[in-house]
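Trainee: So the protein sequences, as listed, match chains G and S. Convert by adding 9 to the 1-based position in the first sequence; the result is the number in my numbering. Convert by adding 5 to the 1-based position in the second sequence; the result is the number in my numbering. Note that CB positions come from ideal geometry on N, CA and C, so glycine has one too.
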Amino acid sequence: AAADELAFHEFEEATNLLAETPDAATTSQSDELTSREHVAVVVGSGIGYGAEVGEEEDDKTSLLQEEKPQPRFWTFDYYQSFFDVDTSQVLDRIKGSLLPHPGHNFVRHHLRNRPDLYGPFWICATLAFVLAVTGNLTLVLAQRRDPSIHYSPQFHKVTIAGITIYCYAWLVPLALWGFLRWRQGTRERMGLYTFLETVCVYGYSLFVFIPTVVLWLIPVQWIQWLFGALGLALSAAGLVFTLWPVVREDTRLVAAALLSTVVLLHALLALGCKLYFFQPLPLDHVVPAPQATPPSPNVLLPSSIQPMTTS
Amino acid sequence: AEAEDSPGEQEAAASKPLFAGLSDVSISQDIPIEGEITIPSRARAQEHDSSTLNESIRRTIMRDLKAVGRKFMHVLYPRKSNALLRDWDLWGPLILCVTLALMLQKSSIDGKNDGGGPEFAEVFVIIWFGAVTITLNSKLLGGNISFFQSLCVLGYCILPLNIAMLICRLLLLAGQGPINFMIRLFVVLLMFAWSVVASTAFLADSQPPNRKALAVYPVFLFYFVISWMILTFTP
Chain G
10 AAADELAFHE FEEATNLLAE TPDAATTSQS DELTSREHVA VVVGSGIGYG
60 AEVGEEEDDK TSLLQEEKPQ PRFWTFDYYQ SFFDVDTSQV LDRIKGSLLP
110 HPGHNFVRHH LRNRPDLYGP FWICATLAFV LAVTGNLTLV LAQRRDPSIH
160 YSPQFHKVTI AGITIYCYAW LVPLALWGFL RWRQGTRERM GLYTFLETVC
210 VYGYSLFVFI PTVVLWLIPV QWIQWLFGAL GLALSAAGLV FTLWPVVRED
260 TRLVAAALLS TVVLLHALLA LGCKLYFFQP LPLDHVVPAP QATPPSPNVL
310 LPSSIQPMTT S
Chain S
6 AEAEDSPGEQ EAAASKPLFA GLSDVSISQD IPIEGEITIP SRARAQEHDS
56 STLNESIRRT IMRDLKAVGR KFMHVLYPRK SNALLRDWDL WGPLILCVTL
106 ALMLQKSSID GKNDGGGPEF AEVFVIIWFG AVTITLNSKL LGGNISFFQS
156 LCVLGYCILP LNIAMLICRL LLLAGQGPIN FMIRLFVVLL MFAWSVVAST
206 AFLADSQPPN RKALAVYPVF LFYFVISWMI LTFTP
């Protein structure tokens, strides 16, 4: 436990230094590292007086363990470092993603150089299953009102939801990170989030949609749209506030284009989920006649109807 | 070092003249040390008895079946014991998984138009892939439990849900209706809670206390999805 605390303080310190003076951070950190190594050697020789050499080596390695370079990517330890979070940390990050406000950078205030993959992975899994299950529950509720609707479990929707959510939560951050890297090449002063941090930001930003999707069970259209807009606004605001310090250094045009693309993609995801999983009525089960379908604007989207009719 | 040792030995030799000659003997030179490492005779006899080479096949199978049955009892009456963890096997999970997937299968073959309940393969993939994912997750979080132990526990704890599936199928023979659905919902919720409680009783101790919730949440999600499949099943 003591070693953990030590490591945590060090990270925190490094973060603060990085925030204050980005250029000086590397040198000061390396100074600290060398001084600590010096201390460790002195302590080791003090304890190991008259003892065997191997024991002294052990002491040294255990003392210096936290300064080891990151393990290689084919080892299990490498992936363990992405899941190095506690329950309180995950809850804090979720809270941070739920309550965005301007000037509050999710990466600097909540991740603190320790992005995790636990949150993004399980938030995506939960969202996928909750989407499929609640989308199916709306069918149950619709059947209670109108017994002519044939109910079916629609298990394939779980697969579709999973693929969509995971692709979105991994490919969009990849594209964003690649784009920012490219822009960093052209403009020197831009900071950059690592790929993992980008994934983490996106993963946690999706959390808002879980309660939103559950609230979509209320079978009133305007309430559904209201909650959808609210969730989308919260989620997109968190993304924009986090990305803003990075893109601020870029030209005004690129920054605006990038942020609007991010928001647009997010809105597309929310809209797609709403239209595909929460159709007002399942079209092919109600009545075969096409003119009897409800005249809502949702049915204008052909891509959202096609899988239903083929199933 | 020898100079330090010898006065002490001489003192001992003086106080106990019986072993006076021993002080001259040094074992470390070049006398080979030989002997037999003996196992206590009782353990040896037991080992001889339970040697799997000599017993009949029927006894071997019965013993394995009994072990599986005992673990079933552990799941149905979860208490603090690590019998499920100590000698894990994957026979029970395989049996339970196949049974559940078979029971979730529709009776009619004309299945193109029946609206997509989970197929046999989908149930199979969800159970095994889910269990593997949860296990990897708990290993990555730093749990001190082996891979197959965790798979074994997660697989055995599907048993209450299997029972729920059986009850649901029996209830569905009586026809569908709102009351029937309510009873099924109650049964499935009860068995879902049972599964989660049983599996966490075995798994939660393997995690550091500040990460228990992180390891238990995926288990909850896993059994929730299986319960959902059971509840929405219609023949």
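Kindly confirm or deny that the stretch 219-238 of chain G and the stretch 184-202 of chain G touch, where touching means at least three C-beta pairs closer than 8 Å.
Mentor: No: fewer than three Cβ pairs fall under 8 Å.
Trainee: Please classify Trp225 (chain G) as buried or exposed, where buried requires at least 16 neighbouring CB atoms within 10 angstroms.
Mentor: The count along the first sequence starts at 1 and reaches residue 225 (chain G) at position 216. Trp225 (chain G) is buried by the Cβ-count criterion.
Trainee: Just the Cα atoms here: how many angstroms apart are Leu101 (chain S) and Lys71 (chain S)?
Mentor: Locating residue 101 (chain S) in the second sequence gives position 96, where the first residue counts as 1. Locating residue 71 (chain S) in the second sequence gives position 66, where the first residue counts as 1. C-alpha separation (whole angstroms): 15 Å.
Trainee: Distance cutoff 8 Å, beta carbons only. Does Pro124 (chain G) sit that close to anything in chain S?
Mentor: The residue given as residue 124 (chain G) occupies position 115 in the first sequence. No, Pro124 (chain G) does not count as interfacial toward chain S.
Trainee: Using a Cβ-Cβ cut-off of 8 Å, state whether Asn114 (chain G) counts as contacting chain S.
Mentor: The residue you call residue 114 (chain G) lines up with position 105 of the first sequence. Taking Cβ atoms only, chain S never reaches closer than 8 Å to Asn114 (chain G), which makes this a no.
Trainee: Reducing DSSP to helix, strand and coil, say where Phe238 (chain S) ends up.
Mentor: Against the second sequence, residue 238 (chain S) aligns to sequence position 233. Three-state DSSP puts Phe238 (chain S) in coil, outside helix and strand.
Trainee: On the criterion of 16 or more Cβ atoms from any shown chain inside 10 Å, does Gln230 (chain G) qualify as buried, or is it exposed?
Mentor: As a first step, residue 230 (chain G) is located in the first sequence; it is residue number 221 there, counting from the start. By the neighbour-count rule (16 or more Cβ atoms within 10 Å), Gln230 (chain G) is not buried but exposed.
Trainee: Looking only at C-alpha atoms, which of G:Ile172, G:Val256, G:Asp125 sits nearest to Ala134 (chain G)?
Mentor: As a working mapping, residue 134 (chain G) is identified with position 125 in the first sequence. The residue with the shortest Cα to Cα distance from Ala134 (chain G) is G:Ile172.
Trainee: Cβ of Leu146 (chain S) less than 8 Å from any chain G Cβ?
Mentor: As a first step, residue 146 (chain S) must be located in the second sequence, where it is residue number 141. For Leu146 (chain S), the answer is yes, since a Cβ of chain G falls inside 8 Å of its Cβ.
Trainee: Using a Cβ cut-off of 7 Å, pull out every chain S residue sitting near Ala134 (chain G), in sequence order please.
Mentor: Translated into the one-based positions of the first sequence, residue 134 (chain G) becomes position 125. Simply Leu226.
Trainee: If you count every other CB in all the chains shown that lies within 10 Å of the CB of Ile181 (chain S), and 16 or more means buried, which is it?
Mentor: Taking the second sequence and counting its residues from 1, the one referred to as residue 181 (chain S) is at position 176. Just to set this straight, residue 181 (chain S) is Gln in the shown sequence, not Ile. With fewer than 16 other Cβ atoms within 10 Å, it is exposed.
Trainee: Buried or exposed: where does Tyr202 (chain G) fall if 16 or more other Cβ atoms within 10 Å of its Cβ makes it buried?
Mentor: If you number the first sequence from 1, residue 202 (chain G) lands on position 193. Under this definition Tyr202 (chain G) is a buried residue.
Trainee: Can you confirm whether the stretch 95-109 of chain S touches the stretch 67-82 of chain S when touching is taken to mean that 3 or more C-beta pairs between the two stretches lie within less than 8 Å?
Mentor: The stretch 67-82 of chain S is in contact with the stretch 95-109 of chain S.
Trainee: What residue range is occupied by the uninterrupted alpha helix (DSSP H) comprising Glu127 (chain S)?
Mentor: For the purposes of this step, residue 127 (chain S) is identified with residue 122 of the second sequence, where counting begins at 1. First-last of the alpha helix (DSSP H) with Glu127 (chain S): 125-145.
Trainee: Can you list, in chain order, the residues of its chain whose CB lies under 8 Å from that of Val223 (chain G), leaving out five sequence neighbours each side?
Mentor: In the first sequence, residue 223 (chain G) corresponds to position 214, counting from 1. Excluding positions up to five away in sequence, the list reads Val139, Thr143.
Trainee: For the ligand ZN, is there any heavy atom lying closer than 7 Å to the beta carbon of Phe216 (chain G)?
Mentor: Ligands in the displayed structure: none, and consequently the ligand ZN is not present.
Trainee: Grouping DSSP H, G and I as helix and E and B as strand, with all else coil, what is Tyr160 (chain G)?
Mentor: For the purposes of this step, residue 160 (chain G) is taken as residue 151 along the first sequence, with counting starting at 1. The answer is coil: DSSP assigns Tyr160 (chain G) none of H, G, I, E or B.
Trainee: Tell me the residue span of the alpha helix (DSSP H) that contains Trp253 (chain G).
Mentor: Start at 1 with the first residue of the first sequence, and residue 253 (chain G) comes out as number 244. That run of the alpha helix (DSSP H) goes 230-256.
Trainee: Against Trp179 (chain G), what residues of chain S qualify as contacts under a CB-to-CB distance less than 7 Å, listed in chain order?
Mentor: Position 170 of the first sequence, counting from 1, holds the residue named residue 179 (chain G). Those within 7 Å of Trp179 (chain G) in chain S number zero; the least Cβ separation is about 16 Å.
Trainee: From what residue to what residue does the alpha helix (DSSP H) around Cys209 (chain G) run?
Mentor: Position 200 of the first sequence, counted from the start, is the residue given in the question as residue 209 (chain G). 204-214 is the extent of the alpha helix (DSSP H) around Cys209 (chain G).
Trainee: How many angstroms separate the CA atom of Cys173 (chain S) from the CA atom of Leu107 (chain S)?
Mentor: Locating residue 173 (chain S) in the second sequence gives position 168, counting from the first residue. Locating residue 107 (chain S) in the second sequence gives position 102, counting from the first residue. Answer to the nearest angstrom: the Cα atoms are 14 Å apart.
Trainee: Short of 8 Å in beta carbon distance, which residues of its chain neighbour Phe130 (chain G), apart from the five on each side in sequence? Order them along the chain.
Mentor: Walking along the first sequence from the start, residue 130 (chain G) turns up at place 121. Once the five neighbours on either side are set aside, the close Cβ partners of Phe130 (chain G) are Gly212.
Trainee: With a threshold of 16 other CB atoms inside 10 Å of the CB of Ser155 (chain S), please say whether the residue is buried or exposed.
Mentor: Within the second sequence, the letter at position 150 stands for residue 155 (chain S). By the 10 Å Cβ count, Ser155 (chain S) comes out buried.
Trainee: Taking beta-carbon pairs under 7 Å, can you tell me which members of the stretch 174-190 of chain S lie near chain G?
Mentor: Those would be none; no residue qualifies.
Trainee: Based on Cα-Cα distance, which residue from G:Gln98, G:Ala276, G:Thr260 lies nearest to Trp234 (chain G)?
Mentor: Along the first sequence, one-based indexing puts residue 234 (chain G) at 225. Ranking G:Gln98, G:Ala276, G:Thr260 by Cα distance to Trp234 (chain G) puts G:Ala276 first.
Trainee: Exposed or buried, which one is Gly122 (chain S) when buried takes at least 16 other CB atoms within 10 Å?
Mentor: By 1-based counting over the second sequence, the position of residue 122 (chain S) is 117. Its Cβ being crowded by 16 or more others within 10 Å, Gly122 (chain S) is buried.
Trainee: Beta-carbon within less than 6 Å of Gly147 (chain S)'s beta-carbon, same chain only, minus the 5 sequence neighbours each way: which residues are those?
Mentor: The count along the second sequence starts at 1 and reaches residue 147 (chain S) at position 142. There are no such residues.
Trainee: If we cut at 8 Å on Cβ distances, does Gln89 (chain G) have a partner in chain S?
Mentor: Residue mapping note: residue 89 (chain G) aligns to position 80 of the first sequence, counting from 1. Yes, Gln89 (chain G) lies at the interface with chain S (some Cβ there is under 8 Å from its Cβ).
Trainee: Using a Cβ cut-off of 8 Å (strictly closer), state whether Thr96 (chain G) contacts chain S.
Mentor: Along the first sequence, read from residue 1 onward, the residue named residue 96 (chain G) stands at position 87. So, interface residue.
Trainee: Which whole-angstrom value is the C-beta distance of Tyr88 (chain G) and Leu145 (chain S), which I expect to be below 8 Å?
Mentor: Taking the first sequence and counting its residues from 1, one reaches residue 88 (chain G) at position 79. Taking the second sequence and counting its residues from 1, one reaches residue 145 (chain S) at position 140. Rounded, the Cβ-Cβ distance is 6 Å, consistent with contact.
Trainee: If distances are taken between C-alpha atoms only, which option among S:Glu60, S:Phe153, S:Val158, S:Leu175 comes closest to Phe238 (chain S)?
Mentor: The residue you call residue 238 (chain S) lines up with position 233 of the second sequence. With distances taken between Cα atoms, Phe238 (chain S) lies closest to S:Leu175.
Trainee: Return the first residue and the last residue of the alpha helix (DSSP H) that Ala106 (chain S) is part of.
Mentor: Here residue 106 (chain S) is taken as the residue at index 101 of the second sequence, counted from 1. From DSSP, the alpha helix (DSSP H) with Ala106 (chain S) extends over 96-108.
Trainee: Under 8 Å between C-beta atoms, does Leu219 (chain S) make it to chain G?
Mentor: In the second sequence, counting from the first residue as 1, residue 219 (chain S) sits at position 214. Output row for Leu219 (chain S): interface = yes.
Trainee: In chain G, which residues lie less than 7 Å from Gly122 (chain S) when you measure between Cβ atoms?
Mentor: Here the question's residue 122 (chain S) lines up with position 117 in the second sequence. Neighbours of Gly122 (chain S) on chain G, chain order: Pro162, Phe164.
Trainee: Pull up the distance between the alpha-carbon of Asn59 (chain S) and that of Asp92 (chain S), whole angstroms please.
Mentor: As a working mapping, residue 59 (chain S) is identified with position 54 in the second sequence. As a working mapping, residue 92 (chain S) is identified with position 87 in the second sequence. Straight-line Cα distance between these residues: approximately 22 Å.
Trainee: According to DSSP, is Ser313 (chain G) helix, strand or coil?
Mentor: In the first sequence, the residue the question calls residue 313 (chain G) occupies position 304. Note that Ser313 (chain G) has pLDDT 42, beneath the 50 cutoff, so the model's placement of it is unreliable and no number is given.
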